């Protein structure tokens, strides 16, 4: 899961820029608000989950690590 | 009467020195600290050769230090020049060289970019002093940390006049060379005061700071708030990208005033989980920068019934110059709300293509004479000649007017409606078409989220209007025929787009406005041949 999330962000949202799993994606120069929306749409489709707006928050979307932890938490629930 | 921006802020220090003035990511600065820290910075700048009339660059991400720097620079009698932290290195350098910046103030998070900017020197001046990032690799002769600044000697206030420059804001010029818009203490403070009066800013109020320092809207947050004893909540970058976190911040910080471009508010409406937030602390929601699509605004107003909504308008050259407090009745048709009335103390004229005044109901270019107006473009007399016109106002007096380049119509009671940019009026096969009107017709269709229309110069003189639009979730691209049919009810046939492209997103400028120039570059003229005939 982590690998595929990292690849989507790097290839589709950052035009190939390599990122580490703990990089802060929300600092300037990386993801903008529209990219975040694309990412959410992708995650919903790729992993068959529904991500409600109230879950699209900094705690869950800071890095590839936090996104993965959030999705795993949803699966476990 | 207080005539200097920094003096006006210090009136608030006298009123309540311990009151909070700025808060950012868990750190709060009180008025007394802002006054003392900006004194220290001003002394340090003067000790290192900064004199009245100099320009000092501010190179910051969102931070408390950036506002301390703003006040420190103007206290030293210099003008602050905010540099876009996300701009390409070469453009930043171009701005610095244009206004001869040899002193830069920054902070550690900008270290890498700062090195790049200082290394990128193409015959420009050497930056001799860097404050806030103590880094020998910058190559500056003088490097001072914020800690060093706090050790500066006592501040001896220089003799600053109200017509001295306080800040220069750079915007992109049509030829690609950025142009510097010069504002004085007089024009900056006139704006800060009239905005604070219009939006009833009081001690204890809590203002949002959404726009970055290099964007003129930040003056409301950084000056109108502090001169009235309010506290400005600087919104950290990550919050501007996640609407559900942003709405939580508005709730937690109990903001009373919100001011941003419509885009940020639309994001809040659509993705901000507003049904789970208590935003009843908001008294004023003010927006500016581009027209607010009426249906989105209506929905947002329904979500925040306790707040008053206001559309503020004005090119950076005027700071702002008109306002309109929205009533539900303003949104009964699908047009964006009016830009409203000219501020108190300013005057608006609407003129035709021959510069003759036109009456209510007639379209024309808006000319503005206002104490909030710039003193001119930095070292561009050619642009000043085009931008200003000395002419007779309504009361028979002669005054200097600024040409906004915006087309408006007066509804007969002094309320102005924005029609579009003068240069957004295009001619296609002899017909005059307002591209903004084409966009407005597209967004009337419920599935359409946002729309942008451009004129594309095709091969063999085959010009065409192309519309690019984003759809709300749940709709797919096959609705374009319906959108075209709907638009045909509102637009003359010659103004209908030849092609309607559904795109995932529209390109945006650094200030989140739709970037139509980038869109025009993206559109392939050769693809015109593929479009179906009307």
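Protein chains in written order, with the working numbering: chain A, 1 to 77; chain B, 1001 to 1534.
By construction, the Cβ of each residue, glycine as well, lies at the ideal position given by its N, Cα and C atoms.
Quick caveat, the model's predicted, so the values are computed rather than measured.
How should residue 1151 of chain B be labelled, buried or exposed, when 16 other C-beta atoms within 10 angstroms of its C-beta is the threshold for buried? exposed
To the nearest angstrom, how far is it from the Cα of residue 1518 of chain B to the Cα of residue 1507 of chain B? 6 Å
Label residue 1397 of chain B either buried or exposed according to how many other C-beta atoms from any shown protein chain fall within 10 Å of its C-beta, with 16 as the threshold for buried. exposed
CA-to-CA distance, residue 1149 of chain B to residue 1044 of chain B, given in whole angstroms: 6 Å
Quick one: which residues of the stretch 30–45 of chain A get their C-beta closer than 9 Å to a C-beta of chain B? List them in chain order. 31, 32, 33, 34, 35, 36, 37, 38, 40 and 41
Could you tell me whether any Cβ in chain B is nearer than 8 Å to the Cβ of residue 71 of chain A? Not one chain B Cβ lies under 8 Å of residue 71 of chain A.
Proximal residues of chain B, C-beta to C-beta of residue 61 of chain A below 8 Å: Within chain B, the residues 1242 have their CB atoms less than 8 Å from the CB of residue 61 of chain A, given in chain order.
How many angstroms separate the CA atom of residue 1530 of chain B from the CA atom of residue 1162 of chain B? Caution applies to residue 1530 of chain B, whose pLDDT of 42 falls short of 50 and renders its modelled position unreliable; the model cannot decide the point.
Run down chain B in chain order and give the residues with a C-beta less than 9 Å from the C-beta of residue 56 of chain A. 1242, 1243, 1244, 1245, 1271 and 1273
Determine, using beta carbons only, whether residue 1448 of chain B and residue 1469 of chain B come nearer to each other than 8 Å. yes
Helix, strand or coil for residue 1048 of chain B per DSSP? coil
If you draw a straight line from the C-alpha of residue 1372 of chain B to the C-alpha of residue 45 of chain A, how long is it? 51 Å
Give the interface partners of residue 1161 of chain B over in chain A, defined as CB-CB distance under 9 Å, in chain order. Chain A residues near residue 1161 of chain B: none, gap ~37 Å exceeds 9 Å.
So, helix, strand or coil for residue 1179 of chain B, using DSSP? Annotated three-state conformation of residue 1179 of chain B is strand, per DSSP.
My output table needs one value for residue 1533 of chain B: the three-state DSSP class, helix, strand or coil. In this prediction, residue 1533 of chain B has a pLDDT of 36, which is less than 50 and means its spatial position is unreliable; what the coordinates show is noted afterwards. DSSP places residue 1533 of chain B in coil when its eight states are reduced to three.
Tell me the DSSP secondary structure of residue 1445 of chain B in three-state form. Looking at residue 1445 of chain B - three-state DSSP - the assignment turns out to be coil, as it is neither helix nor strand.
Measuring alpha carbon to alpha carbon, tell me which residue in B:1095, B:1073 and B:1077 is nearest residue 1083 of chain B. B:1095
Quick check on residue 1521 of chain B - is its C-beta less than 8 Å from some C-beta in chain A? no
Three-state secondary structure (DSSP) of residue 1483 of chain B: Residue 1483 of chain B sits in a helix when the DSSP states are folded into three classes.
The alpha helix (DSSP H) with residue 1265 of chain B in it runs from where to where? 1262–1271
Is residue 1210 of chain B closer than 8 Å to residue 1260 of chain B when the C-beta atoms are compared? yes
Would you check if the distance between the CB atom of residue 1164 of chain B and the CB atom of residue 1053 of chain B is smaller than 8 Å? yes
Specify whether the stretch 1266–1283 of chain B and the stretch 1228–1239 of chain B touch according to this definition: at least 3 beta carbon pairs, one from each stretch, less than 8 Å apart. no
Rounded to whole angstroms, how far is the Cβ of residue 1042 of chain B from the Cβ of residue 1031 of chain B, which I believe are closer than 8 Å? Between residue 1042 of chain B and residue 1031 of chain B, the beta carbon gap of about 16 Å keeps them out of contact (Cβ cut-off 8 Å).
Under a CB-based cut-off of 8 Å, is residue 1417 of chain B close to chain A? The Cβ of residue 1417 of chain B sits no closer than 8 Å to any Cβ of chain A.
Taking residue 1231 of chain B and residue 1022 of chain B to be in contact with their CB atoms under 8 Å, please state how far apart those CB atoms are, rounded to whole angstroms. That belief holds up - the Cβ atoms of residue 1231 of chain B and residue 1022 of chain B are roughly 7 Å apart, short of 8 Å.
Can a CB atom of chain A be found closer than 8 Å to the CB of residue 1363 of chain B? no
How would you write the range of the alpha helix (DSSP H) that residue 42 of chain A sits in, first residue to last? 33–47
Backbone CA spacing between residue 1107 of chain B and residue 1058 of chain B [nearest angstrom]: 9 Å
Buried or exposed by the 16-neighbour rule on C-beta atoms within 10 Å, applied to residue 1276 of chain B: The residue in question, residue 1276 of chain B, is exposed, as its Cβ has fewer than 16 Cβ neighbours within 10 Å.
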